[in-house]
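Enquirer: I'd like to ask you about the structure that follows.
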Amino acid sequence: MADLRQLPLDLGHRSAMGEADFLVAPGNADAVAWLDAWPDWPAPALVLYGPPGCGKSHLAQVWRARSRAPLLGPEDLDPAEVPHLLGPTRTAVIDRTHEISGDTARERALLHLYNITKEAGGQLLLLAHYAPVNWTLRLPDLRSRLVAAPAVGMAAPDDALLMAVLVKLFDDRQVRVGEDVIAWLMTHTERSFDSARRTVALLDRAALAAKKPITVAFCRQVLEPKDRPTES
């Protein structure tokens, strides 16, 4: 196995827009470049799409810190509330945007929000699992606008990126672990950024409580308990 401590540098470890650490890799470099280019986007909306755990939410939080955009979900797209949804910089993030497909009221609300945003000279960041061309939108006007918007795909983390993320998460907590621990975690945790963060936090808390180093045996003890308590 390569020297894991060097992986974050090899992958372009940088401070994304000065607000949060983010490891840049081929699967997310285009998305990072688009967010870095804000507010000089060519359209009122930008779509980031990819599978759960690929880092969309992380990048959206970075962009929110810079743009002061509110975070919305499909449930917030109420036609009566649209005029009040944009943030102070005429921006907003909408998570799980693909879920509005087929809901005429929410589609109309998003169309209205898009038009208001365009008139105000603002931008929307839309997060989704797949590109708008694959959404089953009922409103032709909304579909034409979103299909024409820039859409940037993000890939799930590959082995090199996930290893780098695990190393960085431990380093951020000033916890030293062996390469064997990283190798074991690579085959025993869900392959997503969120899972990596949760796993490292759990191991760190458990090690502090037990006053033990994090070894492969300790990881097995914490993550694969033999005797799980039954619920009463």
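Residue numbers (the numbering used here): 48 to 279. Every residue gets a Cβ at the ideal spot worked out from N, C-alpha and C, and that includes glycine.
#1: Give me the Cβ distance between residue 216 and residue 247, rounded to the nearest whole Å; I'm assuming they're in contact under 8 Å.
#2: Spell out the partners DSSP gives residue 92 in its beta bridges.
#3: Quick one, are the C-beta atoms of residue 186 and residue 158 less than 8 Å apart?
#4: Nearest to residue 97 by CA position, among 183, 271, 190 and 239, is which residue?
#5: If I follow the unbroken beta strand (DSSP E) through residue 199, where does it start and stop?
#6: Is it the case that the stretch 67 to 82 contacts the stretch 193 to 207, given that we only count it when at least three CB pairs across the two stretches are under 8 Å?
#7: Quick one: grab the DSSP three-state call for residue 261.
#8: Does DSSP put residue 83 in a helix, a strand or coil?
#9: Please classify residue 258 as buried or exposed, where buried requires at least 16 neighbouring CB atoms within 10 angstroms.
#10: Give the list of continuous alpha helix (DSSP H) stretches no shorter than 4 residues that lie fully inside the stretch 93 to 133.
#11: Would residue 151 be called buried (16 or more neighbouring beta carbons within 10 Å of its own) or exposed?
#12: In chain order, what residues of the same chain lie with their CB nearer than 6 Å to the CB of residue 88, ignoring the 5 residues before and after it?
#13: Could I get the ranges of all uninterrupted alpha helix (DSSP H) runs contained in the stretch 204 to 231, with 4 residues as the minimum, in chain order?
#14: Which partner residues does residue 139 have in the DSSP bridge list?
#15: Take residue 138 and list the residues in its own chain whose beta-carbon comes closer than 6 Å to its own, dropping the five residues that flank it on each side.
#16: Out of 112, 122, 155 and 244, state which residue places its alpha-carbon closest to the alpha-carbon of residue 356.
#17: Secondary structure at residue 70, three-state DSSP: helix, strand or coil?
Expert: Based on what the coordinates show:
#1: Position 169 of the sequence shown, counted from the first residue, corresponds to residue 216. Position 200 of the sequence shown, counted from the first residue, corresponds to residue 247. With 8 Å as the limit, residue 216 and residue 247 qualify as a contact, their Cβ atoms being about 4 Å apart.
#2: For this step, residue 92 is matched to residue 45 along the sequence shown. In DSSP, residue 92 forms a bridge with 171.
#3: As a working mapping, residue 186 is identified with position 139 in the sequence shown. As a working mapping, residue 158 is identified with position 111 in the sequence shown. Result yes, Cβ atoms of residue 186 and residue 158 sit closer than 8 Å.
#4: Locating residue 97 in the sequence shown gives position 50, counting from the first residue. It is 239 whose Cα lies nearest to the Cα of residue 97.
#5: For this step, residue 199 is matched to residue 152 along the sequence shown. Run containing residue 199: 198 to 200, per the beta strand (DSSP E) assignment.
#6: yes
#7: Translated into the one-based positions of the sequence shown, residue 261 becomes position 214. Coil.
#8: Locating residue 83 in the sequence shown gives position 36, where the first residue counts as 1. In the structure shown, residue 83 sits in a helix (DSSP, three-state: H, G or I).
#9: The residue given as residue 258 occupies position 211 in the sequence shown. Label assigned to residue 258: exposed.
#10: 103 to 114
#11: As a working mapping, residue 151 is identified with position 104 in the sequence shown. Residue 151 is exposed by the Cβ-count criterion.
#12: Taking the sequence shown and counting its residues from 1, the one referred to as residue 88 is at position 41. 170, listed in sequence order.
#13: 206 to 219
#14: Within the sequence shown, numbered from 1, the residue matching residue 139 stands at position 92. BP columns for residue 139 point to 171.
#15: Residue mapping note: residue 138 aligns to position 91 of the sequence shown, counting from 1. Around residue 138: 114, 116, 169 and 170.
#16: For the chain, the structure presents residues 48 to 279; residue 356 sits outside this window and is missing.
#17: Mapped onto the sequence shown, residue 70 falls at position 23. Three-state DSSP puts residue 70 in a strand.
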